[in-house]
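In the UniProt record's numbering, the protein residues as written are 1 to 248.
Just below is one structure, and these are the notes that go with it.
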Amino acid sequence: MSKTSESADDVQSFQFDAIGVIESPYQEKFAIPRQPNLVSAAKGRIMLTGLANNSELVRDIEQFSHLWVIFVFHGTQDQGWKPLVRPPRLGGNVKTGVLATRSTFRPNPIGMSVVKLDNVVTNKQQTILHISGLDLLNGTPIVDIKPYVPYSDAITDANAGFAQEQPDTSLTVIFSEQMQADLIKYEQDDCDLALLIEQVLKQDPRPAYKRGRADDKVYGMSLYNLNIQWQVIALDTILVLNMTQVDK
1 MSKTSESADD VQSFQFDAIG VIESPYQEKF AIPRQPNLVS AAKGRIMLTG LANNSELVRD
61 IEQFSHLWVI FVFHGTQDQG WKPLVRPPRL GGNVKTGVLA TRSTFRPNPI GMSVVKLDNV
121 VTNKQQTILH ISGLDLLNGT PIVDIKPYVP YSDAITDANA GFAQEQPDTS LTVIFSEQMQ
181 ADLIKYEQDD CDLALLIEQV LKQDPRPAYK RGRADDKVYG MSLYNLNIQW QVIALDTILV
241 LNMTQVDK
């Protein structure tokens, strides 16, 4: 008997080429906001690559204020995936199905993110999309870009289960005298570095089970080529201690 249709157990595979790569202030997974647009001061660039590095691909894209970016979780894909994960919004202690979350550990390591389109620069050598509000690791491969369409993409009465409300960002972030001097010393072009650090830390990047607790540990996070040290000195206060430049 000839086979006329594929069964549910048949596995199909597809191969995609990256059309671009992200340049981002986030050099490691730690401290990346868990959703896009929570840190508006985070600015980055999408560098189109290969055959996609062609200005014709982005003609009229500036008519849209925001874009869907489809990408590969390249920083965690080698770790594989699990059917159950522990989402931070449930305190990191409750397991739920991976497809009911936005965990990076997925059957296929594909993510999607909405970013703000700030500007498009094109020339004969390179097409660049300047974006902000991103939550993407530096070097992330991009497999597709689509315009964000508010009337269909923003569903006002949607139910988001355990992630219905935006995370609390009521933490106060203060800078030590040393850190204030470091901000002047290591100022970044086209970036309000103090605002970026403040917005990132207001998300409390620590493991979910530590949220709402003071912590004696000194943490470090990497933004651009800077290592930034900070500490939670009270239930509602983070002290940024200092930062140093890291040689690449």
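Where is the CB? At the ideal position from N, CA and C, for every residue including glycine.
Here the structure is a predicted model, which means the values were calculated and not measured.
DSSP beta-bridge partners of residue i
i      : result
ASP144 : ILE70
PHE175 : VAL240
VAL85  : THR96
VAL121 : ILE128
Counted within 10 angstroms of its Cβ, other Cβ atoms place residue i as buried (16 or more) or exposed
i           : result
ALA234      : exposed
GLU198      : buried
VAL11       : exposed
THR104      : buried
residue 249 : With the chain covering only 1 through 248, there is no way to say anything about residue 249.
Spatial neighbours of residue i in its chain, beta-carbon cut-off 6 Å, leaving aside the 5 residues before and after
i      : result
PHE175 : VAL240
ASP182 : ASN242 and MET243
GLU28  : SER222
Check whether residue i and residue j have beta carbons under 7 Å apart
i      : j      : result
VAL21  : ILE70  : no
GLY75  : LEU137 : yes
VAL246 : ASN225 : yes
ILE131 : GLY44  : yes
GLY133 : PRO33  : no
VAL120 : GLU62  : yes
TRP230 : TYR148 : no
Cut-off 7 Å between Cβ atoms - residues of its own chain near residue i, not counting five sequence neighbours on either side
i     : result
MET47 : GLY20, VAL21, GLU23, GLN126 and ILE128
GLN77 : PRO109
Beta-carbon separation (whole angstroms), residue i vs residue j, contact threshold 8 Å
i      : j      : result
PHE30  : PRO205 : 6 Å
LEU171 : ALA41  : So it is not a contact: roughly 16 Å between Cβ atoms.
TYR209 : GLY91  : 6 Å
SER65  : LYS116 : 7 Å
GLN203 : LEU38  : 6 Å
ALA18  : PRO141 : 4 Å
Chain-order list of residues whose beta-carbon lies under 8 Å from that of residue i (same chain, five-residue window excluded)
i     : result
LYS84 : It is worth fixing the name first, because residue 84 is Leu in this sequence and not Lys. Hits under 8 Å: LYS95, THR96, GLY97 and VAL98.
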